[in-house]
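I have placed the structure first, in the form of structure tokens, so that the comments after it can refer back to it.
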Amino acid sequence: DGTLAEVSGNVGDACGCSLVGGTVIVRGNAGNQVAIHAGGGLVVVLGRAGDFVGQGLAGADAFIRSKVGNSAGYGMVAGTLLLGNGAGENMGHKMRGGVLYVRGDVASVSADVRKVRMKDADFMRVGLLLARVGIKSDGKDFRAYRSRAEKG
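Under the working numbering, the first residue of the sequence shown carries the number 3, and numbering increases by one thereafter.
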């Protein structure tokens, strides 16, 4: 749906928890577990976020503009996690589906994910997600990671 929740400032843990539609925009920083188990919609944090961003992500899109903590994408099953400035340790641990797009340094990548070549559809997806939050980019400075369990 077209519901929009916008916060000017910081939020705590579990922002966008179990979101099924609409858009949440945080014009500040967020705590741990941003977009945990979100099945639809879009969660945007224009600052930093803590650990376990996108934990159990189940079909939603999430974008964190600045640095995120450890275990980003933990247990993801579907959806898109777009990280604009790198990630901490153990990115993608227990990830089973969906895609992680990352720009910047990652402290360590879990053995559960693999880096994949960005295709035209990936560049388009990244560019469109960034355009939704007013950022122009062709996506060429991002890398893609998928679950080793997924084919292709």
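The beta-carbon is built from N, C-alpha and C at its ideal position, and this holds for glycine as well.
Item, Value
"Does the beta-carbon distance from D122 to A146 come in below 8 Å?", "no"
"Using only the alpha-carbon positions, how far apart do Q57 and A16 sit?", "10 Å"
"Based on Cα-Cα distance, which residue from L21, L132, A151 and V55 lies nearest to G41?", "L21"
"Within 10 angstroms of its Cβ, does G30 collect 16 or more other Cβ (buried), or is it exposed?", "exposed"
"Name the residue from L44, T5, V45 and G49 whose alpha carbon lies nearest to the alpha carbon of G11.", "G49"
"CB-CB under 8 Å to K96, same chain, minus the five flanking residues each way: which ones, in chain order?", "Y76, G77, S112 and D114"
"With A32 as the anchor, note down where its beta strand (DSSP E) starts and where it stops.", "Taken as a continuous stretch (DSSP letters only), A32 belongs to no beta strand (DSSP E), as it is neither H nor E."
"According to the neighbour-count rule (16 or more other Cβ atoms, all chains shown, within 10 Å of its Cβ), is A51 buried or exposed?", "buried"
"Quick one: Cα of A89 to Cα of G136, how far?", "22 Å"
"Tell me whether M126 is buried or exposed, calling it buried when 16 or more other Cβ atoms sit within 10 Å of its Cβ.", "exposed"
"When the Cα atoms are used, what is the spatial distance from L85 to G4?", "24 Å"
"Let me make sure I understand the geometry here. Which of R134, A151, K138 and R148 has the alpha-carbon closest to that of L44?", "R134"
"Report the residue from V128, G94, R150 and A151 whose alpha carbon sits nearest the alpha carbon of R67.", "V128"
"Using CA atoms only, rank isn't needed, just tell me which of A32, G18, K142 and A7 is closest to G106.", "K142"
"How big is the Cα-Cα spacing for A80 and V47?", "19 Å"
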